[in-house]
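Residues in the sequence shown are numbered from 23 upward in steps of one, following the working numbering. C-beta atoms are modelled at their ideal positions from N, C-alpha and C, and glycine is treated no differently. For reference, the structure discussed in these notes is given below.
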Amino acid sequence: MRKFFSLAAAALMIVGGQVASADPVPVVLTQGTQTFKTNKVFSSNLRYVHGNVTVNSGETVKFEDVSGIPHSITIVDTQLATDWVGSYICLAANLGGPCAAIAVDGHGFGAVPELTAGAPGLDVAGDSLWLFPNGSLEATVSAPAGTTLHYTCALHPWMQGKIAVK
Ligand SMILES: [Cu+2]
23 MRKFFSLAAA ALMIVGGQVA SADPVPVVLT QGTQTFKTNK VFSSNLRYVH
73 GNVTVNSGET VKFEDVSGIP HSITIVDTQL ATDWVGSYIC LAANLGGPCA
123 AIAVDGHGFG AVPELTAGAP GLDVAGDSLW LFPNGSLEAT VSAPAGTTLH
173 YTCALHPWMQ GKIAVK
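Dropping the structure here:
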């Protein structure tokens, strides 16, 4: 009997003679917490969870915040901060370094939810999406197949991920 239901379920997957194979939209969570005590400690484990995703060109990626803290998804050049010095440089808006902290200014701390460089959708460095606390968004990846997009959070540049486009 159980086998029958398995077969029935499999049959339902076949639509019009073709196997329904729409890839699920990848979901990247922003999660973690921060601690600050004057002259004692600052720590953060804010991060993109499953931040490395693969999609077809034209497909979407969903970003969802569960940290209650604002973040950005900012497409940057391939070189990202790999130590705390680099992170400080990334945070210095006037330096406009590889982590594109300048994006924070562009968003106006949340007033502008999307900055577009190049074509619409995520395709080149300078594209940036503001992710509101406990919010979510879906972004279309418009870069051509074969591209790898690197992204970071302009507020927390130790948060880093990749979108491989196939
Ligand atoms: Cu962040």
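Asked, Found
"DSSP state of Trp180 mapped onto helix, strand, coil", "coil"
"Distance CB(Gly140)-CB(Asp127) smaller than 8 Å", "no"
"For Asp145, three-class secondary structure by DSSP", "coil"
"Distance between beta carbons of Thr162 and Leu151, contact taken as under 8 Å", "Not really, about 11 Å apart at Cβ, beyond 8 Å."
"Under 8 Å between C-beta atoms of Val75 and Val83", "yes"
"Asp87 in three-state terms, based on DSSP", "strand"
"Neighbour-count burial assignment, Asn116, 16 or more Cβ in a 10 Å radius", "Because Asn116 sits at a pLDDT of 43, beneath the cut-off of 50, its placement in the model cannot be relied upon, and the point is left open."
"Thr52: CB within 7 Å of a non-hydrogen atom of ligand 1", "yes"
"DSSP-derived helix/strand/coil call for Ala115", "Its pLDDT being 48, under 50, Ala115 is placed unreliably in this model, and the coordinates cannot settle the point."
"Ligand 1 heavy atom lying under 7 Å from the CB of His178", "yes"
"Classification of Tyr190 by the beta-carbon crowding that lies within 10 angstroms, buried from 16 upward", "Because the chain spans 23 through 188 in this model, residue 190 falls outside it and cannot be assessed."
"Continuous beta strand (DSSP E) stretch holding Glu160: start and end", "Ser158 to Thr162"
"Residues that Phe154 bridges to, as DSSP identifies them", "For Phe154, which the question treats as bridged, DSSP gives no partner whatsoever."
"beta-carbon Leu102 near ligand 1 non-hydrogen atom, thresh 7 Å", "no"
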